[in-house]
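Reading through the structure tokens given below for one structure.
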RNA sequence: GUCCCCAUCGUCCAGGGGUCAGGACGCGGCCCUUUCAAGGCCGAAACACGGGUUCGAAUCCCGUUGGGGACGCCA
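Residue numbers (the numbering used here): 666 to 1163.
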């Protein structure tokens, strides 16, 4: 079994394409097949090496490694279409020689007029066939004289083309509705429908799995397979990925590229797991499936037929799951860039890194994405009573009966205490309870507000020691300065009129 | 416009002649809890419509409607 993913390097890797790549990869993985990566860069206007690099990078990040490709080589290379030009040229001239293709001299302007007229007359806007009957000899001499021409395939008229689609079953087209497609453009570059066929055949691809938008290209390609006598691969067309408004997922729906999801703190295993569930299911109702499981269970036959709406909420839920399961070490190293981005650290040293790593478990269990971790820990670095008191949920806590007493007692208690660890904090809270008679939420809520400046957040048992550990950090740690609990309580008490 | 594809809760998927039409996300409620989250439990929520076939249709067939795709010297 030989499968391929064939992106054109014209931008970022879209999640829809990532899903196509994933399905191909899953099948290769599960069936002991070969996964080939081919770059379709025949549109030199839009293709760039930079986006090729980006796409490969995203694919690697997802873990969809390939056996053959432009960077790793292979027996069927080269794997960039721009490096296969002579191949296409010779196959094209074979077709011309055998009468299956012809030169077309129609200008862009003529074709535009044709199209407009066809549309106006409610006819399908296919090529009218103006150059179909040109004598080959004359065409060749026109080209010799310097005229530009494209090569078009001569679609046989009056017959049906049918092919079997592994996910949809038998599909049939009347050649009447198919215009003669361009095989070679006037600049000598092959057109998509031609290059894919040559490449898939020469690379001995056995299963072509791609987006549904290619389904109507398939009959043209089948005709080419026939003309060359190539053996046809199995085709499978995947329904599209849509946005919430049922239009193809695009920028205005928010994030659409793998790179964006990656930047927002989604994990590769989450994206892979989620994408696999878009149009497919293991049938057993399980939703969390690690990639090994996916490749073992995935099959084309159980892929759905209808378009799927991309659900960012469900992706988040899956991500939360993997985030909770992850080791602290990996979590810490993945979270580090977000701390830096939030201004909580700049090139931290070993001590600083250890401190930041110690914070992560406190936040990671209650967050959808890595991106949200800093916000959950903001209380450490941004303590400002004046500012906090402006927030209604904070001033409400302070306004509760007895809350001021708690805060004042806390301030005087901490004034004589060293930096707090978990035990010392518990002891201090116990003495505040004795001094004020407050307990439960009436005790801890004011304490939280005074020490963190926020009405919610991680457990105080963890948050408070973290604050004082941070306060002890030296400047060289690379971690932004953290105000200690004693100073916090004092400042807060002063602010509420003590 | 023509051709092609598609149609089960708001969303993603099970179910493919007899099911109380199942799960998950999200939503609502309750519980847990020193807070916000997280977590646990419970709940509301769907077979697009019309004709057939059949003892019986969400399931098979036809049509309608709706959605999507293609009709490029883009891929």
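Ideal Cβ positions, reconstructed from N, Cα and C, are used throughout, including at glycine.
With contacts defined as CB atoms closer than 8 Å, residue 1003 and residue 860 fail to qualify as a contacting pair. Taking a contact as a CB-CB distance under 8 Å, the pair residue 667 and residue 869 counts as one, their CB atoms being some 6 Å apart. Annotation for residue 1087: 1126 and 1130 place their beta carbon closer than 7 Å to its own, counting only its chain and skipping 5 residues before and after.
Contact check for residue 732 and residue 685: beta-carbon distance about 17 Å, past the 8 Å limit, so the pair fails to qualify. Distance between residue 900 and residue 1124, taken at the CA atoms: about 55 Å. Per DSSP, residue 1032 lies in no alpha helix (DSSP H) and is assigned neither H nor E. Excluding the 5 residues flanking it on each side, residue 986 has same chain C-beta neighbours closer than 7 Å at 953, in chain order. Residue 957 carries a helical assignment under DSSP once its states are collapsed to helix, strand and coil.
By alpha-carbon distance to residue 755, the top candidate from 718, 893 and 1148 is 893.
Rounded to the nearest angstrom, the Cβ distance from residue 1108 to residue 1092 is 14 Å, too far for a contact under 8 Å. DSSP places residue 986 in the uninterrupted alpha helix (DSSP H) bounded by 977-990. Taken through DSSP and simplified to helix, strand or coil, residue 837 comes out as strand. Cβ-Cβ separation between residue 1133 and residue 1085: approximately 5 Å, consistent with a contact (criterion under 8 Å). Assignment of alpha helix (DSSP H) within the segment 713-797, counting only whole runs of 4 or more residues, yields 714-727, 750-762 and 773-785 in chain order.
The three-state secondary structure of residue 973, taken from DSSP, is strand.
In this structure, 816 is the residue among 802, 822, 730 and 816 with its C-alpha nearest to the C-alpha of residue 857. For residue 902, the uninterrupted beta strand (DSSP E) run begins and ends at 899-903, by DSSP.
When DSSP states are grouped into helix, strand and coil, residue 855 belongs to the strand group.
Taking the CA atoms as reference points, residue 1096 sits about 19 Å from residue 1149. Cβ neighbours of residue 874 within its own chain (closer than 6 Å, five residues either side excluded): 688, 689 and 901.
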